[in-house]
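Residue numbering for the sequence shown is 19 to 471, as defined by our numbering.
The structure appears below as structure tokens.
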Amino acid sequence: MLKKDASKDEIAISIVHTLKEAKKDVFAEIMSELRPYDIAIQFRELPIKHRPLFLEYLTVEKISELLRHLNKQEQSGVLNALGPEKSVDVLQLMKDKDLTNILSGFSKRKLDEFISTMKQEEANLIRRILAYPRNAAGRIMSNRYICVSLDDTVEQATAKLRDMMHLADFLHYIYVLDDDKKLTGVVSYKDLLLGKPDDTMSFIMSTNVVKAQDLDKQEEIAKLFARYDFVTLPIIDKGGVLVGVVTVDDVLDIVYREANEDIEKLFASGKSIDFQTKPLTAAYRRLPWLILLLFIGLISGSIISRFEDTLAQVVALAFFMPMIAGMTGNTGTQSLAVVVRGLVSEDLNMKKIFRLVFRELSVGITLGIVCGGVISVIAFVWQGNFTLGMVVGCSLLLTLIIGTLAGTIIPLILYKFNVDPAVASGPLITTINDILSLLIYFGIANMFLSKLG
Numbered sequence: 019m020l021k022k023d024a025s026k027d028e029i030a031i032s033i034v035h036t037l038k039e040a041k042k043d044v045f046a047e048i049m050s051e052l053r054p055y056d057i058a059i060q061f062r063e064l065p066i067k068h069r070p071l072f073l074e075y076l077t078v079e080k081i082s083e084l085l086r087h088l089n090k091q092e093q094s095g096v097l098n099a100l101g102p103e104k105s106v107d108v109l110q111l112m113k114d115k116d117l118t119n120i121l122s123g124f125s126k127r128k129l130d131e132f133i134s135t136m137k138q139e140e141a142n143l144i145r146r147i148l149a150y151p152r153n154a155a156g157r158i159m160s161n162r163y164i165c166v167s168l169d170d171t172v173e174q175a176t177a178k179l180r181d182m183m184h185l186a187d188f189l190h191y192i193y194v195l196d197d198d199k200k201l202t203g204v205v206s207y208k209d210l211l212l213g214k215p216d217d218t219m220s221f222i223m224s225t226n227v228v229k230a231q232d233l234d235k236q237e238e239i240a241k242l243f244a245r246y247d248f249v250t251l252p253i254i255d256k257g258g259v260l261v262g263v264v265t266v267d268d269v270l271d272i273v274y275r276e277a278n279e280d281i282e283k284l285f286a287s288g289k290s291i292d293f294q295t296k297p298l299t300a301a302y303r304r305l306p307w308l309i310l311l312l313f314i315g316l317i318s319g320s321i322i323s324r325f326e327d328t329l330a331q332v333v334a335l336a337f338f339m340p341m342i343a344g345m346t347g348n349t350g351t352q353s354l355a356v357v358v359r360g361l362v363s364e365d366l367n368m369k370k371i372f373r374l375v376f377r378e379l380s381v382g383i384t385l386g387i388v389c390g391g392v393i394s395v396i397a398f399v400w401q402g403n404f405t406l407g408m409v410v411g412c413s414l415l416l417t418l419i420i421g422t423l424a425g426t427i428i429p430l431i432l433y434k435f436n437v438d439p440a441v442a443s444g445p446l447i448t449t450i451n452d453i454l455s456l457l458i459y460f461g462i463a464n465m466f467l468s469k470l471g
């Protein structure tokens, strides 16, 4: 038996000890005191040689809960270790949305083999969910909800709720359907408690139902939950027929996944890299972006080479090059972060877009005036050349304005064309702004070359 305040390491030691001594009863007691997420943590950190016995001692119910907290590679390893028969038993215990997530990684042959073991109704549901695009609401919806007809009474609805309680994840609402299975209203627990036994659903239901379509993007579903503080959201097809519900725990998964994806894109770090990713795999996934940025960066070098004569005549210009390029990239990345974050919670229209661009333009001008003024004074005091100070200051002013606008406009354009704005990653925006800033800097310097000399 575990101590009440046992640490993760103490639990791990106890698990290894029980496996070594084949104490199945003690192992079961330890597992009974751990949540599925904690079991997944212990499994992940368990020495590989002990994992087969760990899975053998674990009940199929616990394994089905464990799978939900593992990544695709780990799930595949567990299912292979269990063998075909036990894998089927485990998968059939999983919720539809979790099962669909695992099955999406199966080959067509393996998928058909598994679905053939299911009941016809369940098999049809899984096939229907898998037919949705990966980012559609239909992929994460559940059929675990309770629905009643317009003519059902409060007494009948209460009885149905009591009978089907074990099927629902979140029993906050009962959905009211018409004869064509179309969603017409919702009834809350409060409505049932306050209603008279012979009141019909059509009398007590609310018809102001916020719902989403099965082909809506999952990100849009997450926005609805944030706006209305939902626990569940009904999902309908294009004909208005109720086909499922999305629950708040699914939305948390969406938010977590989207945040990870945006971070990966913002910093061009590649996809699906975590603490468990092998070094060569992580390097392979990062390489495409870095190779692209490498070639784009060569353009910066070619710009500098074109202005060798300018640098030769005014060596002090070289001192301010990294600062000009760096500041432009920094302000562009800041604007990019503001836009990407704002797109998560805002519904854009032309008025909001113009307001945002004008705001960022004002920010760029303000930053440019302040930073340009400071660097002008520094350049003048250091070199004793007023023209050099003006060239550096004006260059920084213009590049900060352009960098801010680039970090704002580029992700907005991508969003308009249904491309994830996070693709305009920090390194990409920085590299593009480096090129623009060098062109502006040396262009202005050439205009005043005689006075600089």
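Heads up, the beta-carbon is just placed ideally off N, CA and C, and yes, glycines get one too.
- Counting C-beta atoms within 10 angstroms of its own C-beta, THR448 has 16 or more neighbours from the protein chains shown and is therefore classed as buried.
- Contact between ALA397 and GLY386 fails: their C-beta atoms lie close to 15 angstroms from each other, not under 8 angstroms.
- PHE337 and ASN348 have their C-alpha atoms some 18 angstroms from each other.
- Each residue's CA atom was taken as its position, placing ASP267 and THR77 some 24 angstroms apart.
- Counting along the chain, the unbroken beta strand (DSSP E) around TYR191 starts and ends at 191-195.
- With contacts defined by Cβ atoms closer than 9 angstroms, ALA244 and LEU210 do not form a contacting pair.
- Counting only unbroken stretches of 4 or more residues, the alpha helix (DSSP H) elements lying wholly within the region 42-78 are 42-50, 54-63, 69-75, in sequence order.
- Pairing THR118 with LEU168 gives a Cβ-Cβ distance that is not under 9 angstroms.
- According to the DSSP secondary-structure assignment, THR265 is paired through a beta bridge with THR250.
- Residue state for VAL108 is assigned as helix, using DSSP reduced to three classes.
- Distance from the CA of LEU432 to the CA of VAL166, rounded to the nearest whole angstrom, comes to 44 angstroms.
- The beta-bridge partner set that DSSP reports for THR171 consists of THR218.
- Counting the other Cβ atoms within 10 Å of the Cβ of VAL392 gives fewer than 16, which makes it exposed.
- In this structure, the straight-line span from the alpha carbon of ASN451 to that of THR135 is close to 57 angstroms.
- If you check the CB distance, LYS256 and GLN231 come in under 9 angstroms.
- Taking the Cα of MET159 as reference, the smallest distance to any Cα among TYR246, LEU212, GLY262 is reached at GLY262.
- Residue GLN236 holds the alpha-carbon nearest to the alpha-carbon of ARG275 among PRO252, PRO297, GLY258, GLN236.
- Distance from the CA of MET465 to the CA of LEU329, rounded to the nearest whole angstrom, comes to 13 angstroms.
- When C-beta atoms of the region 402-420 are compared with those of the region 366-375, fewer than three pairs fall below 8 angstroms, so the two segments do not count as touching.
- Rounded to whole angstroms, GLY425 and GLY350 show a C-alpha spacing of 4 angstroms.
- The residue from GLY411, SER380, ASN403, VAL399 with its alpha-carbon nearest to that of CYS389 is GLY411.
- Per DSSP, reduced to three states, the secondary structure at LYS256 is coil, with no helix or strand assignment.
- With a cutoff of 9 angstroms on beta-carbon distance, ILE453 and SER413 are scored as not near each other.
- The DSSP-derived three-state label of LEU456 is helix.
- In the DSSP annotation of this structure, VAL333 is not part of any beta strand (DSSP E), being labelled neither H nor E.
- Between LEU233 and ALA155, the C-beta gap is smaller than 9 angstroms, which places the two residues in contact.
- Under the criterion of beta carbons closer than 8 angstroms, LEU111 and SER82 qualify as touching, at roughly 4 angstroms.
- Burial state of THR265 is buried, judged by a 10 Å Cβ sphere holding 16 or more other Cβ atoms.
- Here DSSP, grouped into helix, strand and coil, assigns GLY123 to coil.
- In the DSSP annotation of this structure, the continuous segment of the alpha helix (DSSP H) that includes LEU385 starts and ends at 368-401.
- Taken atom to atom, the span from the alpha-carbon of ILE321 to that of VAL228 is near 55 angstroms.
- The distance from the Cβ of MET182 to that of VAL204 is about 16 angstroms, inconsistent with a contact at the 8 angstroms cut-off.
- When secondary structure is reduced to three states using DSSP, SER206 falls in the strand class.
- Here LEU143 has ASP114, ASN161 as same chain residues with Cβ atoms under 7 angstroms from its own Cβ, once five neighbours each way along the sequence are excluded.
- In this structure, MET219 sits near ILE192, with a CB-CB distance shorter than 9 angstroms.
- In the DSSP assignment, MET408 falls within the unbroken alpha helix (DSSP H) covering 404-434.
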